[in-house]
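Right, one structure below, let's go through it.
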Amino acid sequence: MRSTGFRRTFAALSACSLALAASACGSGEDDSASGKTRITVNCMPPKSAKVDRQFFEQDVADFERQNPDIDVVPHDAFPCQDPKTFDAKLAGGQMEDVFYTYFTDARHVVDINQAADITRYVKELKSYSTIQQQLRDIYTVDGKVYGVPRTGYSMGLIYNKALFEKAGLDPDKPPATWDEVRTAAKRIASLGGGTVGYADYSAQNQGGWHFTAELYSQGGDVVSPDGKKATVDSPEGRAVLRTLHDMRWKDDSMGSKQLLVINDVQQMMGSGKLGMYLAAPDNIPILVKEKGGNYKDLALAPMPGGKGTLIGGDGYMFNKKAGPEQIRAGLKWLDHMFLTPGDGFLGDYARAKKNDAPVGLPEPRLFTGAADAKDQEVKKANANVPVENYQPFLDGNQNLDMKIEPPSAQQIYSVLDGVVSAVLTKEDADIDQLLKDASGKIDGILDRG
Numbered sequence: 002m003r004s005t006g007f008r009r010t011f012a013a014l015s016a017c018s019l020a021l022a023a024s025a026c027g028s029g030e031d032d033s034a035s036g037k038t039r040i041t042v043n044c045m046p047p048k049s050a051k052v053d054r055q056f057f058e059q060d061v062a063d064f065e066r067q068n069p070d071i072d073v074v075p076h077d078a079f080p081c082q083d084p085k086t087f088d089a090k091l092a093g094g095q096m097e098d099v100f101y102t103y104f105t106d107a108r109h110v111v112d113i114n115q116a117a118d119i120t121r122y123v124k125e126l127k128s129y130s131t132i133q134q135q136l137r138d139i140y141t142v143d144g145k146v147y148g149v150p151r152t153g154y155s156m157g158l159i160y161n162k163a164l165f166e167k168a169g170l171d172p173d174k175p176p177a178t179w180d181e182v183r184t185a186a187k188r189i190a191s192l193g194g195g196t197v198g199y200a201d202y203s204a205q206n207q208g209g210w211h212f213t214a215e216l217y218s219q220g221g222d223v224v225s226p227d228g229k230k231a232t233v234d235s236p237e238g239r240a241v242l243r244t245l246h247d248m249r250w251k252d253d254s255m256g257s258k259q260l261l262v263i264n265d266v267q268q269m270m271g272s273g274k275l276g277m278y279l280a281a282p283d284n285i286p287i288l289v290k291e292k293g294g295n296y297k298d299l300a301l302a303p304m305p306g307g308k309g310t311l312i313g314g315d316g317y318m319f320n321k322k323a324g325p326e327q328i329r330a331g332l333k334w335l336d337h338m339f340l341t342p343g344d345g346f347l348g349d350y351a352r353a354k355k356n357d358a359p360v361g362l363p364e365p366r367l368f369t370g371a372a373d374a375k376d377q378e379v380k381k382a383n384a385n386v387p388v389e390n391y392q393p394f395l396d397g398n399q400n401l402d403m404k405i406e407p408p409s410a411q412q413i414y415s416v417l418d419g420v421v422s423a424v425l426t427k428e429d430a431d432i433d434q435l436l437k438d439a440s441g442k443i444d445g446i447l448d449r450g
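Quick note: the sequence shown uses my numbering, first residue 2, plus one each step.
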């Protein structure tokens, strides 16, 4: 998950109309009238994202020149995956041949039999063995491969160095524990003028998402290892909520406005009125380009607590109707676009720098070994952001347990949203009862599969 908070509803659509069959659906036909292998792909940047759109179109054109026997038909989308329509597109046969998914959707797509098994073809993907194993495993179900990771992220603590200095805190020594977060938040909030020490989400499923990250940071978990029982009603779960409660009501370091979502918090940080919040590194350019922030003031630390952090990301899967040549063509396209270290749509750092796009953020960190070394070398050579601000995050992440989101994540987050919002809006909220009730609801979700 990034910022979306919708619970998907499975719905049936009619089969693709003739008008759509040529452009929107996974047809399963390998060859077009021209004799080329034709694939439809999604997640093309919208026209409003002019630079990204230009890069994408350029890379597709380069790919087709290098592979004259393949015709790529991209479809733009924002967001790349709309949770409100995702299942409906799958059920109605309207999904592209090569389609974008969040990590949390991979198992679901396989369970409803809407993904092609690409196990026999994935050996043709040159980069596959260089991708982090834990990310590859997300798209592997019962020993069969159904997709390929594109990016990965992990959560950390974004903080404002200028406010740290103003509050008499050392900006080069970010909080490492939740007690230290609480202390720093009080100092920052005491600056006054509407300054908030620490902010958190508590609506649109985003509160449940952050609760999960905070629980991981304490060494807890949302569900049992077998995925069958809730484990939120635990000492670690109570510690998360008690910290939030005390920062909100005893310290007054979280401000009075609650039920916040990502845009609210980003606006606070970008305007210089917020000390800290949890986020992935990709928030930083948004804070600068859209919210008025400054790269030199924005730093990133690992998750407080020292136990674990939440990881997520996205990748591509293949329509179950895609033929063998379409799958092979799609894998070649993924290699070209996203999976060549230091090159392609995500990795051409020299091109990004030339077009004033941020280069040097600490993630995504997709590859391992020599591939990772090359990617990092090219990134470092073209860095145009203060990479020293992110070194604590890189160093600290080496010691954290990297944990993916729970099964049925969006439904579980919806339950946990209510828990977090209650703690932040009701001073007398009963934490024990909230966690007990949430545990029962999550058990019900897990029972339904």
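C-beta atoms are modelled at their ideal positions from N, C-alpha and C, and glycine is treated no differently.
In the structure shown, the three-state DSSP call for Val266 is helix. C-alpha of Arg183 to C-alpha of Val420: approximately 20 Å in a straight line.
In the three-state scheme derived from DSSP, where H, G and I count as helix and E and B as strand, Gly441 is classed as helix. Put simply, of Ala358, Lys437, Trp334, Pro408 the residue whose alpha carbon is nearest the alpha carbon of Val149 is Trp334. By the C-beta density criterion, Arg352 is buried, having at least 16 other C-beta atoms within 10 angstroms. Non-local beta-carbon contacts of Asp336 in its own chain, meaning distances under 8 Å to residues more than five positions away in sequence, involve Leu126, Lys127, Ser128 in chain order. Around Leu425, the same chain offers Ser203, Arg249, Gln259 as residues with beta carbons nearer than 6 Å, after the five sequence neighbours per side are excluded. In the structure shown, the three-state DSSP call for Pro325 is helix. Residue environment for Lys162: buried (at least 16 other C-beta atoms within 10 angstroms of its C-beta). In the DSSP annotation of this structure, the continuous segment of the beta strand (DSSP E) that includes Phe319 starts and ends at 309–319. Three or more pairs of CB atoms, one per stretch, sit closer than 8 Å, so the region 295–309 contacts the region 167–184.
When only Cα atoms are considered, Met338 and Gly194 end up about 47 Å apart.
Under the three-pair Cβ rule at 8 Å, the region 358–366 does not count as touching the region 64–79. Within the same chain, Cβ atoms closer than 7 Å to the Cβ of Val61 are found at Val73, Pro75, the five residues on either side in sequence being excluded.
By the Cβ rule, the region 131–149 counts as touching the region 309–323, because three or more pairs are nearer than 8 Å. Between Leu261 and the set Lys292, Ala214, Gln205, Ser254, the nearest pair of CA atoms involves Gln205. In the structure shown, Gly157 adopts extended strand secondary structure according to DSSP, grouped into three states. Your pair Met403 and Ser155 checks out as a contact, with CB atoms roughly 6 Å apart and the cut at 8 Å.
Taking 8 Å as the cut-off, the Cβ atoms of Thr152 and Gly314 count as close. Taking every protein chain shown into account, the CB of Glu97 has 16 or more other CB atoms within 10 angstroms, so this residue is buried. Relative to Tyr350, the option among Ala382, Ile328, Ala372 whose CA is nearest is Ala382. In this structure, the straight-line span from the alpha carbon of Ile285 to that of Tyr296 is close to 8 Å. Between the region 163–171 and the region 220–230, the count of Cβ pairs shorter than 8 Å is below three; the stretches do not touch. The straight-line gap separating the alpha-carbon atoms of Trp210 and Lys37 is approximately 44 Å.
In this structure, the beta-carbon distance from Val197 to Leu216 does not fall below 8 Å. Across the structure, Gln207 and Gln67 are spaced so that their CA atoms are roughly 42 Å apart.
Ile443 is positioned such that its CB atom lies no closer than 8 Å to that of Ile405. In this structure, the CA atom of Val111 is about 43 Å from the CA atom of Glu428.
Residue environment analysis places Arg39 among the buried positions, since at least 16 neighbouring C-beta atoms fall within 10 angstroms of its C-beta. For Met269, same chain residues with a beta-carbon under 7 Å away, outside a window of 5 residues either side, are Val197, Ala200, Leu275 in chain order.
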